[in-house]
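For reference, each letter of the first sequence is one residue, going 0 to 276 in numbering that gives the first Met the number 0.
The block underneath contains the structure these notes are about, expressed in structure tokens.
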Amino acid sequence: MPELPEVETARRSAARVAVGRRIVAVRVADDPIVFEGVRPARVRRALAGRRIRSVRRHGKHLWFALDRRPWLCVHFGMTGGLHTSRASAVRLRSGGRRAETGWPPRFTRLELRLDDGGRLAIADARRLGRIRLRPDPRAEPPIAALGFDALREVPPLARFRALVHARRGPIKAVLLDQSFAAGVGNWIADEVLYQARIAPGRPASSLSSPELARLRARLQAVIRTAVRLRADGDRYPRSWLFHRRWARRPGLVLRGEAIRWETIGGRTTAWVPALQR
DNA sequence: CTCAGTGTTCAGTG
DNA sequence: TCACTGAACACTGA
């Protein structure tokens, strides 16, 4: 599920269902991994009865501002996601038959029931996600250690250039570093470099001013487009590398040129050597 | 059965 | 200090 566009989409649907509502019941899976050592009883106590003021996001991190601290913080790992159910959908289920979507979703770790009948569930199959309680999420790790949010806080070009040039290592690794740009994940890094026509293995400090301008522009364009399309990959422009990168087979081409896969920055990287320099 | 994987962190090393 | 590598985490689905 989760790079910035998926998390922003989750934030918006959570806000639609939950802002202004009170939490009337909490179901917590007894899972010391996802809850990172917080006991289920403490999670229940912190959330039950609280009113949800807003739902916020920085990079891939999501948190719920409540009427009392600590607040609820969520990171979805690789396979986590947020599910919502409106009051009307829940009524379907109480009619005897299961709702079409099924509730609670598979692999639910935390379920919140709201005072208007709406429901929120945080699910995570692989348990690489984390659910935490934090008195002041922005000021504490892990959120405090993040770089600029890649949707709302991309710095002006001069500052962007300085940040990139201060880094060692391949530009792909820099893009993936959450302390540089928060919210960029593996496919977005590849997509941005493809559209900017920059090879992923290039040392970050070697990028020219025109290249940095392209990189910054494509970073914003890819993320804004994905967010606008509600992170629905099927609707991303057909010209994007995105649609070819998953079927990893030799001979696959894009604009007539071969796609290559290799490990850069510790992650599988798809790129088009003929078009990226 | 094997293996890769929309992510992060940490230990060890240079 | 910085940065790289690899392993670990844990599990699904191809």
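Glycine residues also receive a C-beta, built at the ideal position from the N, C-alpha and C atoms.
Predicted model, so just to flag it, every value in this text is computed and none were measured.
Assuming the contact rule is C-beta atoms closer than 8 Å, residue i and residue j should be a hit. Round their C-beta distance to whole Å, please.
i, j, result
"Leu218", "Val153", "6 Å"
"Pro104", "Ala120", "5 Å"
"Thr83", "Ser12", "5 Å"
"Arg125", "Glu35", "Incorrect: roughly 15 Å between the Cβ atoms, too far for contact."
"Gln275", "Arg166", "Going by Cβ atoms, the distance from Gln275 to Arg166 rounds to 19 Å, so no, they are not a contact pair."
"Val23", "Ile51", "About 12 Å separates the two Cβ atoms, so there is no contact after all."
"Glu2", "Gly182", "7 Å"
"Arg49", "Arg21", "7 Å"
Taking just the CA atoms, how far does residue j sit from residue i?
i, j, result
"Val73", "Val16", "17 Å"
"Arg259", "Leu240", "11 Å"
"Ala203", "Thr107", "40 Å"
"Leu81", "Leu65", "18 Å"
"Arg229", "Ala216", "20 Å"
"Arg227", "His57", "17 Å"
"Leu253", "Lys171", "20 Å"
"Val173", "Gly146", "11 Å"
"Ala28", "Trp270", "40 Å"
"Arg26", "Leu111", "7 Å"
"Ala157", "Ala212", "9 Å"
"Ile122", "Leu109", "Note that residue 122 is Ala in the sequence shown, not Ile. Near 7 Å, if we compare the C-alpha coordinates of Leu109 and Ala122."
"Asn185", "Gly264", "10 Å"
"Ser207", "Ile187", "21 Å"
"Pro4", "Pro249", "29 Å"
"Glu190", "Pro140", "29 Å"
"Pro272", "Ala198", "7 Å"
"Pro326", "Arg55", "No information on residue 326 is available, as it lies outside the stretch 0 to 276 that the chain covers here."
"Asp231", "Thr224", "10 Å"
"Gly76", "Asp176", "15 Å"
"Arg247", "Glu261", "11 Å"
"Ala220", "Arg44", "42 Å"
"Ile142", "Gly255", "42 Å"
"Pro155", "Leu192", "19 Å"
"Arg85", "Gly116", "7 Å"
"Gly200", "Gly168", "8 Å"
"Phe179", "Asp233", "29 Å"
"Lys59", "Leu251", "31 Å"
"Leu214", "Arg67", "41 Å"
"Ala14", "Arg266", "33 Å"
"Ala9", "Phe63", "12 Å"
Considering only DSSP beta bridges, list what residue i is partnered with.
i, result
"Ile85", "Contrary to the premise, residue 85 reads as Arg rather than Ile in this sequence. BP columns for Arg85 are empty, so no partner."
"Glu110", "Arg26, Ala120"
"Trp270", "Arg259"
"Val73", "Leu61, Ile130"
"Arg21", "Arg50"
"Phe147", "Ala180"
Identify whether residue i lies in helix, strand or coil by the three-state DSSP scheme.
i, result
"Ala64", "strand"
"Glu152", "coil"
"Leu127", "coil"
"Ser208", "helix"
"Arg38", "coil"
"Val6", "helix"
"Glu261", "strand"
"Thr78", "coil"
"Ala216", "helix"
"Ser53", "strand"
"Leu253", "strand"
"Arg234", "helix"
"Arg105", "coil"
"Arg43", "helix"
"Ile142", "helix"
"Arg11", "helix"
"Ile222", "helix"
"Arg248", "coil"
"Arg229", "coil"
"Val33", "coil"
**OP:** Taking only runs that begin and end inside the region 149-202, name each unbroken alpha helix (DSSP H) of 4 or more residues, in chain order.
**Re:** 156-164, 170-175, 185-195
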